[in-house]
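Asker: Just so you know, the sequence shown maps onto residues 50 to 454 in this note's numbering.
C-beta: ideal position from N, C-alpha, C; glycine also.
Model, not experiment: these values are computed from the prediction.
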Amino acid sequence: MSKDIEKNYMHQSSFLNKYKRFLHIIGPAWIVMIADIDVGSIITGIQSGAQYGYSLIFINIILIIPLFIVQDASGRLGIVTKKGIGELIRERYGSKIAILSSFPMAITDIISYMVEYAGMGIGLMVLGLPVIEFLLIIFLLHMMVIITRSYNVAEKILMPLSVLLLLFIIIVGIISKPNFKSLVFIGFNPINLTGNANYDYLMLANIGAVLMPFMLFFQSGAVAEKNAQIEDIKHERMETFIGAIVSQLMMVALIVVGTNFDSTQFTKEAIIKAMSSIGTIAVYLFGIALIIAGFFALIVISLGSAWGVVESLGIKRFSKQMLLVYAIESIPSLVYISLFSTSVTFVINLMILLVFTLVVPTICIGLLVGNKKIMGKYAYKKWEISLYWAMIAIVEISGLFVIFL
Numbered sequence: 050m051s052k053d054i055e056k057n058y059m060h061q062s063s064f065l066n067k068y069k070r071f072l073h074i075i076g077p078a079w080i081v082m083i084a085d086i087d088v089g090s091i092i093t094g095i096q097s098g099a100q101y102g103y104s105l106i107f108i109n110i111i112l113i114i115p116l117f118i119v120q121d122a123s124g125r126l127g128i129v130t131k132k133g134i135g136e137l138i139r140e141r142y143g144s145k146i147a148i149l150s151s152f153p154m155a156i157t158d159i160i161s162y163m164v165e166y167a168g169m170g171i172g173l174m175v176l177g178l179p180v181i182e183f184l185l186i187i188f189l190l191h192m193m194v195i196i197t198r199s200y201n202v203a204e205k206i207l208m209p210l211s212v213l214l215l216l217f218i219i220i221v222g223i224i225s226k227p228n229f230k231s232l233v234f235i236g237f238n239p240i241n242l243t244g245n246a247n248y249d250y251l252m253l254a255n256i257g258a259v260l261m262p263f264m265l266f267f268q269s270g271a272v273a274e275k276n277a278q279i280e281d282i283k284h285e286r287m288e289t290f291i292g293a294i295v296s297q298l299m300m301v302a303l304i305v306v307g308t309n310f311d312s313t314q315f316t317k318e319a320i321i322k323a324m325s326s327i328g329t330i331a332v333y334l335f336g337i338a339l340i341i342a343g344f345f346a347l348i349v350i351s352l353g354s355a356w357g358v359v360e361s362l363g364i365k366r367f368s369k370q371m372l373l374v375y376a377i378e379s380i381p382s383l384v385y386i387s388l389f390s391t392s393v394t395f396v397i398n399l400m401i402l403l404v405f406t407l408v409v410p411t412i413c414i415g416l417l418v419g420n421k422k423i424m425g426k427y428a429y430k431k432w433e434i435s436l437y438w439a440m441i442a443i444v445e446i447s448g449l450f451v452i453f454l
C-alpha cells in the first residue's frame, strides 16, 4: 500500500512540476499573438467587414497556418540557441544581412507607431477624454515599462492587458449580432478568394496585418530572456498554436463588427455611429479596446524592434543602447500624430508594406531553423521546412500579385 501511495505522490509531483514549468514558460507566444491585433489590424478588420461583409473571413482562418508556422520557427530558434533572431543572423550571415533584416523593420515600426497613437487618439475621443494630455501619459507609461530592464516586469503588465483586449473585442463581436448563416456560407466560402482589384488589395492588407516583422524578433528574444529550456519546446508550440487561433478569431470578430460601419471612414463619428447601432456599451468597449490595443502594441513592437536592431549590431538586450532605441523610436510618431492625422488608406498601405519587410528575416529564419549544425536534433524536419517555405512563398507571391494588378 505504501508503494502505491509513493507512486501516486511521485505522479502528482511530476504533474505539478510540469504545470509549474508551463506557467513559467507561458507568455511570449501568447503576448506576440495578441499584439498582432494592434490598431492597424483593427482598422483592417473593420474595413474588411465594411466593404465586403463576411467574405474576407475565410482568408483570416487560413492565415492561422502561416502565422503558427512562422512564429513557431522563431520561438524554437530562441529556445534552442538562447539567442534572438538578430544575433543569430549576424553570427551566421554577417552584420550586413543582420542590418538588412532588422533596419527595414525598425523603419516600418516607426510608421506603425503613428497608427498606434492615432488609434489611441480616436479611442480617447470616443470616450470623451483629452487626447494630447492622455497620449503624453501613455507615452510616459510606455517608457516606464522597461525602466527595470526586465522582460518579466513587462510580461506581468502585458498578460492582463491581453486578456482585457481579447474580452472586449470578442464581446463587441458577439453583441454585433452576427448572421450565423451568412457567417458560415459566405465567411467560410473559399471562392471569395477571387475578386476585383480592390478586394485583392484588401486581402493582402489582411495578410500583412497577420504577419509582422517585429513579431519574429520579439518571440525569439522573449523566450531567450525567459531562459526557456529544450523541454519547453512542446509548451511553446502549443502556446503559439492556441495564440494563432485566438488572434485570428479576434480578426473574425472585427470583420463582424465592421459590417455595422456604413462608410470606409475610421473616425470618432463613424465609430460612435456604428457602435451606437449595437448599443451604448459597445461604444465604450470599442474605445477602450483601441486604447489597449495601441498601448499593448507600443510595448511589444518597441521591444521586438529594439531587440532586432541591437542584436544585429552585436549589442546585448536591455543594454543602455537598447533602452535608447526603445525610447526614441516612437517619439517622432507621437509628435506627428499630435500635429496631424492619418487616414485609412495610409494604414492599409502600411499593412501591405509589412509583407515585403518580412522577406529577409523569414528567409534567414528558414535557413537557420532547418540547419542541424545550429539546431541539432531539434532542426525542422524536411516536411516542416517544406511547409515553412511554402507558406512564405504564398505570402510574398500574394504581395507581388497585388502590386502588378
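(1) Given a cut-off of 8 Å on the beta-carbon distance, is the pair V359 and G124 in contact?
(2) How would you write the range of the alpha helix (DSSP H) that V272 sits in, first residue to last?
(3) Which residues mark the beginning and the end of the alpha helix (DSSP H) in which I187 is found?
(4) With T394 as the anchor, note down where its alpha helix (DSSP H) starts and where it stops.
(5) Please go through the same chain and pick out, in chain order, the residues whose beta-carbon is closer than 6 Å to the beta-carbon of G257, but skip the five residues on each side of it.
(6) In angstroms, rounded to a whole number, what distance separates the CA positions of S390 and G89?
(7) Give me the residue from L126, M154, E165 with the minimum Cα distance to S382.
(8) Got a sec? Which residues, its chain only, sit under 6 Å from A254 by beta carbon, not counting five neighbours each side?
(9) Would you call the segment 345-355 and the segment 77-87 in contact, with 3 or more CB pairs under 8 Å?
(10) Can you find the residues in the same chain that come closer than 7 Å, C-beta to C-beta, to M424, ignoring five residues on each side of it along the sequence?
(11) Mind checking T197: buried by the 16 CB within 10 Å criterion, or exposed?
(12) For my contact list, S144 and S361 are in at a C-beta cut-off of 8 Å; report their separation, rounded to the angstrom.
(13) In or out: V332 buried (at least 16 other Cβ within 10 Å) or exposed?
(14) Look up S312 in the DSSP assignment and say whether it is helix, strand or coil.
(15) Helix or strand or just coil, what does DSSP make of G363?
(16) If I measure Cβ to Cβ from Q61 and keep anything under 6 Å in the same chain, skipping five residues before and after, which residues do I get?
(17) Which of the three DSSP states is assigned to E378 in this structure?
(18) Since I108 contacts M252 with CB under 8 Å, what's their CB separation in whole angstroms?
(19) Specify whether the segment 335-346 and the segment 154-172 touch according to this definition: at least 3 beta carbon pairs, one from each stretch, less than 8 Å apart.
(20) For the putative contact between G127 and G270, defined by C-beta atoms under 8 Å, what is the C-beta separation to the nearest angstrom?
(21) Taking G307 as the reference, give the member of I74, Y375, I106, G76 with the closest Cα.
(22) Could you give the C-beta distance for I116 and A293, rounded to a whole number, given that I count them as a contact under 8 Å?
(23) Taking the alpha helix (DSSP H) that P227 falls in, what are its first and last residues?
(24) Can at least three beta-carbon pairs, one atom from the segment 310-329 and one from the segment 278-297, be found at a separation below 8 Å?
(25) Quick check: what's the CA-CA separation for W79 versus A122?
(26) Could you tell me if M193 is buried or exposed, where buried requires 16 or more neighbouring beta carbons within 10 angstroms of its beta carbon?
(27) Taking the C-alpha atoms as reference points, what is the distance between I386 and A428?
(28) Here's the rule: buried if 16 or more other CB atoms are within 10 angstroms of the residue's CB, otherwise exposed. What is E274?
Answerer: Answer, in terms of the structure:
(1) The count along the sequence shown starts at 1 and reaches residue 359 at position 310. The count along the sequence shown starts at 1 and reaches residue 124 at position 75. Taking 8 Å as the Cβ cut-off, V359 and G124 do not qualify as a contacting pair.
(2) Residue 272 sits at position 223 when you count from the first residue of the sequence shown. Taken as a continuous stretch (DSSP letters only), the alpha helix (DSSP H) holding V272 covers 262-274.
(3) Working through the sequence shown from its first residue, we reach residue 187 at position 138. Looking at the DSSP string, the run of the alpha helix (DSSP H) that includes I187 is 180-193.
(4) Here residue 394 corresponds to residue number 345 of the sequence shown, with the count starting at 1. Segment 393-406, the alpha helix (DSSP H) holding T394.
(5) Start at 1 with the first residue of the sequence shown, and residue 257 comes out as number 208. M400, I401, L403, V404, listed in sequence order.
(6) Walking along the sequence shown from the start, residue 390 turns up at place 341. Walking along the sequence shown from the start, residue 89 turns up at place 40. Between S390 and G89, the C-alpha separation is close to 14 Å.
(7) Within the sequence shown, numbered from 1, the residue matching residue 382 stands at position 333. The option with the nearest alpha carbon to S382 is E165.
(8) The count along the sequence shown starts at 1 and reaches residue 254 at position 205. Answer for A254: T93, I397, M400, I401, listed in chain order.
(9) yes
(10) Within the sequence shown, residue 424 is the residue found at index 375, counting from 1. Closer than 7 Å at Cβ, skipping near neighbours: V129, V418.
(11) For the purposes of this step, residue 197 is identified with residue 148 of the sequence shown, where counting begins at 1. When all chains shown are included, T197 counts as exposed.
(12) Here the question's residue 144 lines up with position 95 in the sequence shown. Here the question's residue 361 lines up with position 312 in the sequence shown. Indeed they touch by this definition, with Cβ atoms about 7 Å apart.
(13) Against the sequence shown, residue 332 aligns to sequence position 283. Label assigned to V332: buried.
(14) As a working mapping, residue 312 is identified with position 263 in the sequence shown. DSSP places S312 in coil when its eight states are reduced to three.
(15) For the purposes of this step, residue 363 is taken as residue 314 along the sequence shown, with counting starting at 1. Coil at G363, not helix or strand.
(16) Counting from 1 along the sequence shown, the entry for residue 61 is found at position 12. Note on Q61: pLDDT 47, under 50, position unreliable in the model; no value is reported.
(17) Position 329 of the sequence shown, counting from 1, holds the residue named residue 378. Three-state DSSP puts E378 in coil, outside helix and strand.
(18) Indexing the sequence shown from 1 puts residue 108 at position 59. Indexing the sequence shown from 1 puts residue 252 at position 203. About 6 Å; that satisfies the 8 Å criterion.
(19) yes
(20) To locate residue 127, count along the sequence shown from 1; it is residue 78. To locate residue 270, count along the sequence shown from 1; it is residue 221. Contact holds; Cβ gap of about 7 Å.
(21) Reading the sequence shown from its first residue, position 258 is the one you call residue 307. Comparing Cα positions, the closest option is I106.
(22) As a working note, residue 116 is residue 67 in the sequence shown. As a working note, residue 293 is residue 244 in the sequence shown. Per the sequence shown, the amino acid found at residue 116 is Leu instead of Ile. Right, their Cβ atoms sit about 5 Å apart.
(23) Residue numbering aside, residue 227 sits at position 178 when the sequence shown is read from its first letter. Unbroken run through P227: none, as it is neither H nor E.
(24) no
(25) The residue labelled residue 79 in the question sits at position 30 within the sequence shown. The residue labelled residue 122 in the question sits at position 73 within the sequence shown. Going from the Cα of W79 to the Cα of A122 covers about 15 Å.
(26) Residue numbering aside, residue 193 sits at position 144 when the sequence shown is read from its first letter. Under this definition M193 is an exposed residue.
(27) One-based indexing of the sequence shown puts residue 386 at position 337. One-based indexing of the sequence shown puts residue 428 at position 379. So the two alpha carbons sit approximately 44 Å from each other.
(28) For the purposes of this step, residue 274 is taken as residue 225 along the sequence shown, with counting starting at 1. So E274 ends up on the buried side.
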